[in-house]
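Take a look at the structure set out below.
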Amino acid sequence: DIQMTQSPSTLSASVGDRVTITCRASQSISSWLAWYQQKPGKAPKLLIYKASSLESGVPSRFSGSGSGTEFTLTISSLQPDDFATYYCQQYNSYPVDFGQGTKLEIK
Amino acid sequence: QITLKESGPTLVKPTQTLTLTCTFSGFSLSTSGVGVGWIRQPPGKALEWLALIYWDDDKRYSPSLKSRLTITKDTSKNQVVLTMTNMDPVDTATYYCARNGRDSSGYYDYWGQGTLVTVSS
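Chains A and B, in that order, are what the protein sequence lines are.
When the letters of the first sequence are read in order and numbered with my numbering, they come out as residues 184 to 290.
When the letters of the second sequence are read in order and numbered with my numbering, they come out as residues -1 to 119.
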């Protein structure tokens, strides 16, 4: 099975900052990676699929990059609404797997 | 408009069987490439993928839970049902159903609101 590891687990940042979250796969997953945003008490929301494709309706300040085993989610200029927990997910093969999450906190 | 909604018991006793129903609208599970999956999240913890059923009745399960899970669909009712046997307190979690992405991709583009299931005697 492919395991996903995110870093950092927690990230403190301020409005306007540029932030990057990293996700590593235990083996190559090509570009079969998605990113989700989750707010407390809510379902995850799809942000990025196929490593760098922006889901419809998602602000352009979100971007994804990477292939193989290392991937990043970048938020170019943090907005108040962006403070949440972010998860990566590999879907190269079953069982699909989610990372352990990165909590983005207000500094 | 695509929606999914989970329903089922909020409280189950240890050793009991959990049955959850996902009722959806705005898409059909008879359309090629479409699938509906289940994902759970224990309180304060990460997401855990459980199972998926495709339009052609192909099914996939988490290896660690495969012996306890069954996923079925009723296309005429727009429903997917997940059963989990031998429930334990560690199975306490919010259970989500979600539609898989376009072209049978394994990511999830639409999610239900989730239902919290507590396992306790």
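Think of the CB as a built atom: it goes at the ideal place given N, C-alpha and C, for glycine as much as any other residue.
With a contact defined as Cβ atoms closer than 8 Å, Gln210 of chain A and Gly282 of chain A miss out at about 15 Å.
With respect to the 8 Å criterion, Tyr108 of chain B and Arg97 of chain B are classified as neighbours on the basis of their beta carbons. In its chain, beyond the 5 residues on either side, Ala267 have a beta carbon closer than 6 Å to the beta carbon of Lys222 of chain A. When secondary structure is reduced to three states using DSSP, Thr268 of chain A falls in the strand class. In this structure, the alpha-carbon of Ala226 of chain A lies about 10 Å from that of Tyr93 of chain B. For Arg58 of chain B, at least one C-beta of chain A is nearer than 8 Å to its own C-beta. Bridge pairing for Gln77 of chain B: B:Thr21 and B:Asp72 [DSSP]. Inter-segment contact for the stretch 6 to 15 of chain B and the stretch 274 to 289 of chain A is absent: fewer than three beta-carbon pairs are separated by less than 8 Å. Under the Cβ criterion (8 Å, minimum of three pairs), the stretch 231 to 244 of chain A counts as touching the stretch 252 to 261 of chain A.
Rounded to whole angstroms, the gap between the alpha carbons of Asp265 of chain A and Ser250 of chain A is 24 Å. Between Leu16 of chain B and Val79 of chain B, the C-beta spacing is not below 8 Å.
For Leu45 of chain B, no beta strand (DSSP E) run applies, since DSSP gives it neither H nor E. A residue is called buried when at least 16 other Cβ atoms come within 10 angstroms of its Cβ; Arg201 of chain A does not meet this threshold and is exposed. Shown here, Ser190 of chain A sits in a strand according to DSSP, grouped into three states. DSSP links Leu114 of chain B through a beta bridge to B:Thr92.
The Cβ-Cβ distance between Ser60 of chain B and Leu48 of chain B falls below 8 Å. For the stretch 63 to 96 of chain B, the residues whose beta carbon sits under 7 Å from a beta carbon of chain A are, in order, Tyr94.
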